[in-house]
Amino acid sequence: MPEGAPPRRYVLRRAAARRYRVDYDRELNPEQREVVFAPDGPALVVAGAGSGKTRTLVYRVSRLIEDGVEASQLCLLTFTNRAAREMTRRVEGLVGSDVSRATAGTFHSVGARLLRPHAELLGLLPNFSILDSEDSRDLMESATSDLGIPVTERRFPKGDLLRDLLSFSVNTGRPLEEVVGRDAPHFLSQLPAVEAVVKRYAERKRAANAVDYDDLLSFWHRLLVEHEPVRKALALRFRHVLVDEYQDVNHLQAAIVDLLVADAVPSNVMAVGDDAQSIYSFRGADFEALLGFPERHPGTRLYRLETNYRSTPQILALADASIACNTRRVEKTLHAVRADGPPVAVVGAADVVQQAEFVAQRILELRDEGTPLPEVAVLYRAHYQALELQLTLTRHGIPYEVRSGLRFFEQQHVKDVLAFLRLAVNPKDETSFKRTIKLLPRVGERIASTLWAGVSEAPDPVAAFLSLDLGKAPAAARPGLARYAEALATLRRPSYASSPAETIRYVVEEGGYADVARGKFPNAAARLDDLEALAQFAMPYDDVGRFLQEVTLFGDPSGEDTVAGEPDDERVVLSSVHQAKGLEWKAVFVVGLVEDRFPNARAARTPEGMEEERRLFYVAATRARDELTLVHPLTAYDRYGVVAVTEPSRFLRELPETLYERWVLEEARGAPALPAAPAGAGDPTASEDPDDVVN
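Every letter in the sequence shown is one number past the one before it in our numbering, and letter 47, counting from 1, is 39.
Take a look at the structure:
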């Protein structure tokens, strides 16, 4: 090149901006977009109620795929397989390509998929069977029988309870002794036998090449802890791990997530959840898992989704003020996109009867104003709080569906106790005789049928039973039969015939049903609360027969047909707050807001428990889009039939009065009865809940 020649110019072109198929700027708000484009590394997304959490996750996955991440390199952990399928379907719609190779599903389903190729490392064959809940119960009862403990023995926990105690221990990492002491202290004296049954249960599973749901997690955890090559291979396979509803993970699930990314560089784990909606400690959910995420994953970036698209500013202001009373929380404030709505109403009702009448009247008014019945929900802390409400809605012909389990009078424990009352009124009731006597230890269908056959032809079969020589019964069954006979004799006294409430309490307490419930049901305390509520409901009645007639006709399906022209799905929703999480309605009533009921006295014994109860109230409030009505009865019967003044829930008392409008109810003089809505009530959907029980 000649000396002195000018240097050759070379122009560096700017890199073209990445062109995406999806218009993320248009589809997302700034908070959501920040999450979707978060750089590599651990991230915690605290997503407030109604903030578009699922949408943000879907767009995050879409953006990763558009940036070249293969679907097979993604692991998406959810709490329902339906949620995983819906997310992947929406991602496919956005990116226009197949993402079926992504590993997406619940912890249990993903665990099953990852375990089969490595089953032999854990002493299993790859074709292992997975036991469902019923299978696990049956195998646990077989293990009990193997050790010579009859499954009808009332002084030993039944298979359901054993299974649930073991499950809680496995998922929380707590010793079985601690779990039994907390949830079933009356069986602590049987702890060595319980541990022996659990050991035998594990042996039977291994012999059958079978695992239960909890094994899918515990074996997955073992695989990651004990087999480093497998753990490192999974870290290479999954470039990104995303966890939805992270506030609901238990100790074991949180540990699995931590191990999945322990060897990953960078550690691309994104946990999405809302600490304010952590309400499932009774299932083993670990609230501290979310709060401690940044400490366990150094370098975590914290993102907040605080823009709420669901509720009015009035509803959000009240919810924010309530949850701010908790000390253990991630700071955030929800901001409403929607315009102002009506003020939140706080309503004091004279008692649960007036509470139910008020709710029924307002539902009919809302319907007349154009709100469809399915857009109205009545929420409560525990299933028994819906008892008066169900009766009132039925009387006024307002169709409803129960989302918190079976209707109150269809629950097994309620039917058990009512069977004693029916037998006292009608001694020829074979069904009630067999139902009640089979509750006894060592008494099954054979003994029950034999006893009934021996007395059924008598004019008064119960009197004939009381005159039997029980010394001829099997020795193991005699103590229970003697106590049963004493209970039946007591219930025949005139004083009980005129007091259904006291009859119910006698059956539960002196009659021994409380012991039956503790040995039979995992959530015995909640069921006993139901039975006390049943006794309080029976207080106004002075005749057992009339009371039974009322509750029996209440459950008669022939009176619940939807009238012509009314769609089958036009029903108000009755639900526990636990069952309502993730749902929303135009108008929401939260009832029973009195101290010791909501918050629940048993759940709120510790500061941590009280804060979870407040989170439950927050969840209830944020289910409403337009109207939120909070109702508290001013009086209630105590167990002695005396009307006592109640204290409004602390969740109402701690709210600034500027955040709600107080309503005072007045009884109209000479007013006509409530107009009737189309008659009918829907079939309930079974669910599992700490205070809402399913047969």
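The beta-carbon is built from N, C-alpha and C at its ideal position, and this holds for glycine as well. Fair warning: this is a prediction, and the values are worked out from it, not measured in the lab.
| Per-residue burial, residue 99 [other beta carbons within 10 Å of its own, 16 or more giving buried] | So residue 99 counts as buried.
| query | Taking the DSSP output, what are the residues bridged to residue 429? | reply | Answer is none; residue 429 lacks a bridge partner.
| Taking buried to mean at least 16 other C-beta atoms within 10 Å of its own C-beta, is residue 346 buried or exposed? | Answer is buried; the Cβ neighbour count reaches 16.
| task | Give the straight-line distance between the Cα atoms of residue 167 and residue 318, rounded to the nearest whole angstrom. | result | Between residue 167 and residue 318, the C-alpha separation is close to 29 Å.
| field | Option nearest residue 562 by Cα separation, candidates 615, 152, 365, 647 | value | Closest option to residue 562, judged by alpha-carbon separation, among 615, 152, 365, 647: 365.
| message | Could you give the first and the last residue of the continuous beta strand (DSSP E) run that contains residue 616? | response | The continuous beta strand (DSSP E) containing residue 616 extends over residues 616 to 625.
| said: Let's test the definition: count the other Cβ atoms within 10 Å of the Cβ of residue 566 and tell me whether it reaches 16, buried, or not, exposed. | reply: It counts as buried.
| query | What are the complete alpha helix (DSSP H) segments, minimum 4 residues, inside the region 215 to 239? | reply | If you keep only unbroken alpha helix (DSSP H) runs of at least 4 residues inside the region 215 to 239, you get 220 to 229.
| query | Quick one: complete beta strand (DSSP E) runs, 3+ long, within the region 286 to 346? | reply | Fully enclosed beta strand (DSSP E) runs of 3 or longer: 293 to 297, 336 to 341.
| query | With 16 as the cutoff for other CB atoms within 10 Å, does residue 385 come out buried or exposed? | reply | Under this definition residue 385 is a buried residue.
| task | May I ask you to report which of helix, strand or coil DSSP gives residue -1? | result | Looking at residue -1 - three-state DSSP - the assignment turns out to be coil, as it is neither helix nor strand.
| Inter-stretch contact at 8 Å, needing at least 3 Cβ pairs: the region 111 to 118 / the region 204 to 218 | As far as the Cβ criterion goes, the region 111 to 118 touches the region 204 to 218, which means the pair count is three or higher.
| message | Between 327, 322, 326, 378, which has its C-alpha nearest residue 349's C-alpha? | response | The shortest Cα separation from residue 349 among 327, 322, 326, 378 belongs to 378.
| When the Cα of residue 53 is compared with those of 457, 343, 76, 254, which residue comes out closest? | The residue with the shortest Cα to Cα distance from residue 53 is 76.
| query | In the DSSP assignment, what residue or residues form a beta bridge with residue 490? | reply | Note: residue 490 is not bridge-paired with any residue in the DSSP secondary-structure output.
| Helix, strand or coil at residue 272 according to DSSP, with G and I counted as helix | It is coil, neither helix nor strand.
| Exposed or buried, which one is residue 476 when buried takes at least 16 other CB atoms within 10 Å? | With 16 or more neighbouring CB atoms inside 10 Å of its own CB, residue 476 falls in the buried class.
| field | Neighbour-count burial assignment, residue 325, 16 or more Cβ in a 10 Å radius | value | Exposed is the call here.
| Which partner residues does residue 691 have in the DSSP bridge list? | One cannot answer for residue 691 here, as it falls past the ends of the chain, which runs -7 to 687.
| Should the region 224 to 238 be called in touch with the region 254 to 266, which here means at least 3 C-beta pairs below 8 Å? | Result yes; three or more Cβ-Cβ pairs closer than 8 Å.
| Spatial neighbours of residue 11 in its chain, beta-carbon cut-off 6 Å, leaving aside the 5 residues before and after | If we look at residue 11 and ignore the five residues flanking it on each side, it has no Cβ neighbours.
| field | Through-space distance from residue 492 to residue 611, alpha-carbon basis | value | Taking the straight line from one Cα to the other gives about 37 Å.
| Outcome for residue 498 when other beta-carbon atoms lying within 10 angstroms are tallied against a minimum of 16 | Only buried fits residue 498, as 16 or more other CB atoms lie within 10 angstroms of its CB.
| Quick one: Cα of residue 322 to Cα of residue 174, how far? | Residue 322 and residue 174 have their C-alpha atoms some 29 Å from each other.
| request: Compare the Cα-Cα distances from residue 102 to each of 70, 238, 84 and report the closest residue. | output: Answer by Cα proximity: 70.
| Beta-bridge pairing of residue 262 - partner residues as DSSP gives them | DSSP lists 35, 234 as the beta-bridge partner residues of residue 262.
| field | Proximity winner among 458, 659, 291, 273, relative to residue 598 (alpha-carbon distances) | value | Closest option to residue 598, Cα to Cα, is 273.
| task | With DSSP as the reference, please indicate the residues paired to residue 98 in a beta bridge. | result | DSSP lists 70 as the bridge partner or partners of residue 98.
| message | So, for residue 122: in the same chain, excluding its five sequence neighbours on each side, which residues have a beta-carbon less than 8 Å away from its beta-carbon? | response | The residues are 104, 202, 203, 204, 205, 208.
| residue 529 - containing beta strand (DSSP E), residue span | DSSP places residue 529 outside any beta strand (DSSP E); the residue lies instead in the alpha helix (DSSP H), whose first and last residues are 516 to 529.
| field | Reduced DSSP secondary structure (H/G/I, E/B, other) of residue 59 | value | In this structure, residue 59 counts as coil in the three-state DSSP scheme.
| query | For residue 135, which of helix, strand or coil comes out of DSSP? | reply | Annotated three-state conformation of residue 135 is helix, per DSSP.
| request: State the CB to CB distance for the pair residue 188 and residue 241, rounded to an integer number of angstroms; the pair is presumed to be in contact (CB under 8 Å). | output: Contact flag wrong, Cβ pair sits at about 31 Å.
| task | Mind checking which residues open and close the beta strand (DSSP E) that includes residue 26? | result | According to the DSSP assignment, residue 26 belongs to no beta strand (DSSP E) but to the alpha helix (DSSP H) extending over 22 to 28.
| field | residue 320 versus 27, 283, 332, residue with shortest Cα-Cα distance | value | Here the closest residue by C-alpha is 283.
| request: Take every Cβ of the region 20 to 38, pair it with every Cβ of the region 294 to 312, and state whether three or more of those distances are shorter than 8 Å. | output: Touching, yes, given that three or more Cβ pairs across the two stretches are closer than 8 Å.
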